[in-house]
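Protein chains in written order, with our numbering: chain H, -11 to 348; chain R, 35 to 549. Contents: one structure, followed by commentary.
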Amino acid sequence: MIRFEPRGPVAVSRMIGVSVTAALAALILAAIPMLFAGLSVFDAYGLMIKGAWGSMFAFTEMLTRAAPLILTGLAAAVAFRAKLWNIGAEGQLYAGALAAVAVGTGLISGPSFVLVPAVILAGALAGGLVMLVPTLLKTRLGVDEVVTTLLLNFVILLFVQMMLEGPMQDPMGMGWPQSEPILDEAALPKLMDRMRIHWGLVIALAASLGVYFLLKRTVWGFEIRAVGENAAAARHAGIPVTATFVRVGLLSGALAGLAGVGEVAGLKGYLTADLSPGFGYSGIVVAMLAGLSPIGVVFAALFIASIFVGADSMSRATGVSNYLADLIVAISLLCVLVSGLFLRFRIRLATSSPAQETAK
Amino acid sequence: MALPAKDAPVLLRLDGITKRFGALTANDGVYLDLRQGEILALLGENGAGKTTLMNILFGHYVADEGSVLVSRDGGELAQLEPGSPHAALDAGIGMVHQHFTLAENLSVLDNILLGTEKLSALKSARAPARRKLADLMTRSGLTVGLDMRVSQLSVGEKQRVEILKALYRNARVLVLDEPTAVLTPQESDTLFAILKKLAAAGLGIVFISHKLAEVMAASHRIAVLRGGAKVADLPTSQCDQRQLAELMVGHEVSETVRGAGAPGDTLFVLTGVSAGESRESIRDVNLELRSGEILGIAGVSGNGQTMLARVISGLETPVAGSMRLGDRALTHANARTMIDAGLARIPEDRHRDGIVGAMTVSENLAIEAIRKPESQRFGLLRFAAMRDKAKAMIDAYDIRCQGEDSPARLLSGGNIQKIVLARTLEGEPKVVLAAQPSRGLDVGATSEVYRRLLDARARGAGVLLISEDLDELMRLSDRIAVIHRGHLSAAEPTETLDRGTLGLRMAGHTMEAAE
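Structural data, given as structure tokens:
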């Protein structure tokens, strides 16, 4: 018989170990459908690694893909730390992108040191405000934010489509549902010549450090952790629980909004309704894989981005669908959820000798 | 009390049980017999190994050495399969845990039937179950509405459901872990009357406790555990409280005595306060607390104490009435304004409201003062200062933990209460609200709580002590008021009151009716 016994404090090394194990387990399990597709598993993974890390181009493409994942991963991580279940990063990302386009296509004009911060700010603000609605519904009326944030994704995507086929449609776009291009002065600068990699990555890395610092070192972070771990005790101790939720909601939405800014103002240059291949949802996987650690989010995002970019490349070489990437990402989420169980509980066969049990 | 026959068959034998958790030996070669018709009290401080021993008996843990022997159907003693709660249930061992294991959203009947029926059974056999339970209830006196939802029951009623659950499964050995920790004196008395009836009907009963008075009153035999080992096993008639206390603690113990008080000006006033809508509401509560006194609030659980404590803690806004601390009106207060006004709150559910288990001892000590300059500067936490302060508090309040950076959830109940005491009393508050401050604590931790409350009184604070333990209230309070169905009686000096009068008032009798 299998038994679960709760564990004591969990060391950081063990948490990292669990995430790495989950990622490896996902890769091993994904080999099964690969075999069905008639691939040699080693060749396939070789192609994926080459496609994501094998050349400067591949590497920068992978980093470009990682940038929005870091930000949506942080959005999920910071909200989940407070037990505010923001499943709406996808919608907040589009809201951020929409605001960035609105500001960056001629609403205001000026040099880039004015326009770029304005675009960034607008995107963050829009994402934050979108998340504010479910947060206030939760704190005021007790509405479940899982439902509201999830459904808002579709509301916002449809709103974006409406804008792109209406008021914000590019008059020069030959009738395509896309926005006007962002002004050059409003675009995020590239990091390297002839590569697509842009300042969005720097923003993402800075945001990761910022969230780490916030949670670890500041009063607000203390309050976020306390509310997330035990809201009743936090309230009793005089911590403003509602205000903390509002702050977390704004921050989480803003981070997702920044992901949208990067995609539209750093990469694409104009907004379409297929801007994000589900970055908001993948962000949840990233956050879970990272154990909700803001630094871990960076590494988890690199892993997920490598899978996506590598699978694209492998798919081109072998003709196997790149849906395989979605499969690996999904399996890795399942693996990390299962391994979370291993992290909190010690699993033992009842027949094993209890004398081997170690101290807590 | 009628003793069971000396030659009554042994129902259960723990034979040299040893259990180690790493370096800690929780049980050390414990040998224990339980005879049919006997009530055995297992006495010991927190951490003495009582609960571990019972968890081994029930198959939650596997002993490193020794074995559990059970007589099935009055036959020979046979070894019980270790590590299997299922085997324990089959052998007729029923356990009532301190924290109940009931599904709140199901009816009493469903909770009792849960797990007793085959999955493959198409229809649940309710009619025979009802008949059996009705019979059990009349014979044992454990009455409870079978169709009530468990969430609507009081704590005492939930406990009855747990016992009924065990009896329904034909338990012949009943183990109760700290059964009175959540009960009022009256509820405890009723419980013990029921247990005696059950024992007389042939059940073997083990109850775990650290309360000497009830152990003396309710058991036939007492086994004392200390540091995991059995240090005494005596018939109750040969014991006295003092001797038991010393056996339990391992050294002499001194009683907390309240000296003469010097009550001063009125500090804290509630005028016509009403709050809440459910059974747990308070109506038109008036209260005056003076400095340098302890005002006790007695009452049967579920009569509005929790709501009163929540209102004073700033967690619930009253619908009517006003609160005043000194010159400050506190009607629309939250927890923060209460703390800032100099009101210290010791919550009744310290695990839920008192600590954030995942955070460190140091963080839990600082949590109420996290926005004060001592803990932060420009919104940045001052870790070094917080740690230093935590170290000082750990010393001053003798908080037993593995350093200030260990998670608070690893601490025992008594040490968690010391964290709460340390952080609330540190700032020398003017008013202290102590809700059930000794609930579930052992002798040592309880006397520590008493000492701290008396210290606060001595330096001129007003202490509002909400408790369901009459002995505690009589010992500590200068005046006592009684809460019943949300109404609070006028406080009277403790000297003019006795247990009988208080008991009647707690049951809702007014002065006239009592005469």
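Every residue, glycine too, gets a C-beta built ideally from N, C-alpha and C. These numbers come from a predicted model, not from an experiment.
1) Smallest Cα separation from R:ALA403: which of R:LEU167, R:ALA332, R:ALA375 and R:LYS166?
2) Below 8 Å on C-beta distance, what does R:LEU414 contact in chain H?
3) Could you tell me which residues DSSP pairs with R:THR59 in its beta bridges?
4) In or out: R:SER511 buried (at least 16 other Cβ within 10 Å) or exposed?
5) Going by DSSP, name the residue or residues bridged to R:PHE302.
6) What residues are listed by DSSP as bridge partners for R:GLU99?
7) Is the shortest distance between the beta-carbon of H:PRO228 and the beta-carbons of chain R less than 8 Å?
8) Quick one: complete alpha helix (DSSP H) runs, 4+ long, within the stretch 456 to 506 of chain R?
9) DSSP state of R:ALA67, grouped into three classes?
10) Using the Cα positions of H:VAL0 and R:ASP489, report the straight-line distance between them to the nearest angstrom.
11) What are the boundary residues of the alpha helix (DSSP H) that includes H:MET50?
12) So, does the stretch 56 to 71 of chain H touch the stretch 268 to 280 of chain H, judging by three or more C-beta pairs under 8 Å?
13) Rounding to the nearest angstrom, what Cα-Cα distance links H:VAL89 and H:ILE96 in this structure?
14) Please identify, using Cβ separations under 7 Å, the residues of the stretch 335 to 360 of chain R that lie next to chain H, in order along the chain.
15) Of all Cβ atoms in chain R, is any one closer than 8 Å to the Cβ of H:ARG213?
16) In chain order, what residues of the same chain have a beta carbon less than 7 Å from the beta carbon of R:ALA547, not counting five sequence neighbours either side?
17) Does the beta carbon of R:GLU546 sit closer than 8 Å to a beta carbon anywhere in chain H?
18) Can you pull the chain H neighbours of R:ARG317, defined as C-beta to C-beta under 8 Å?
19) Nearest to R:ILE433 by CA position, among R:VAL395, R:VAL390, R:THR528 and R:LEU237, is which residue?
20) Does the beta carbon of H:ARG69 sit closer than 8 Å to a beta carbon anywhere in chain R?
21) Span of the beta strand (DSSP E) holding H:GLN166?
22) Do you know offhand how far H:GLU217's Cα is from R:PRO441's?
23) Would you say the stretch 302 to 317 of chain H touches the stretch 33 to 49 of chain H, given that touching needs at least three Cβ pairs under 8 Å?
24) Distance check for H:PHE201 and R:MET341, CA to CA, integer angstroms please.
25) How long is the line joining the alpha carbons of R:GLN220 and R:ARG206, rounded to whole angstroms?
26) Could you tell me the distance, in whole angstroms, from the CA atom of R:LEU187 to the CA atom of R:THR224?
27) Cα separation between R:LEU538 and R:LEU504?
28) What does H:ALA222 touch in chain R if you count any residue whose Cβ is under 8 Å from its own?
29) So, is H:TRP187 buried or exposed, given that buried needs 16 or more other C-beta atoms within 10 angstroms?
30) Does any C-beta atom of chain R lie closer than 8 Å to the C-beta of H:GLU49?
31) In the stretch 510 to 541 of chain R, which residue ranges form an unbroken alpha helix (DSSP H) of at least 4 residues, counting only runs that do not cross its ends?
32) Give the DSSP-derived three-state secondary structure of R:VAL44 in the structure shown.
33) Which of helix, strand or coil does DSSP assign to H:VAL6?
34) Got a sec: is the Cβ-Cβ distance from R:ALA122 to anything in chain H below 8 Å?
35) Run through chain H and tell me which residues come within less than 9 Å of R:ASP62, C-beta to C-beta.
36) Hey, could you find the ends of the alpha helix (DSSP H) R:ILE146 is sitting in?
Result, derived from the coordinates:
1) R:ALA375
2) ARG205, THR206 and VAL207
3) R:ARG54
4) buried
5) R:LEU323 and R:LEU359
6) R:THR52
7) yes
8) 477 to 492
9) It is Asp, not Ala, that sits at residue 67 of chain R in the sequence shown. R:ASP67 falls in the strand class under three-state DSSP.
10) 42 Å
11) 44 to 69
12) yes
13) 11 Å
14) SER347 and LEU349
15) yes
16) Bear in mind that the predicted position of R:ALA547 carries a pLDDT of just 43, short of 50, making it unreliable; the figure below should be weighed with that in mind. There are no such residues.
17) Confidence at R:GLU546 is low in this model, with a pLDDT of 46, below 50, so the placement of that residue should be treated as unreliable; the coordinate-derived value is given next. By this cut-off, R:GLU546 is not an interface position.
18) Result: empty, since nearest Cβ-Cβ is about 24 Å, beyond 8 Å.
19) R:VAL395
20) no
21) No beta strand (DSSP E) contains H:GLN166, which DSSP labels as neither H nor E.
22) 12 Å
23) yes
24) 39 Å
25) 26 Å
26) 16 Å
27) 12 Å
28) VAL390 and ILE401
29) buried
30) no
31) 533 to 540
32) strand
33) helix
34) no
35) Chain H residues near R:ASP62: none, gap ~15 Å exceeds 9 Å.
36) 142 to 147
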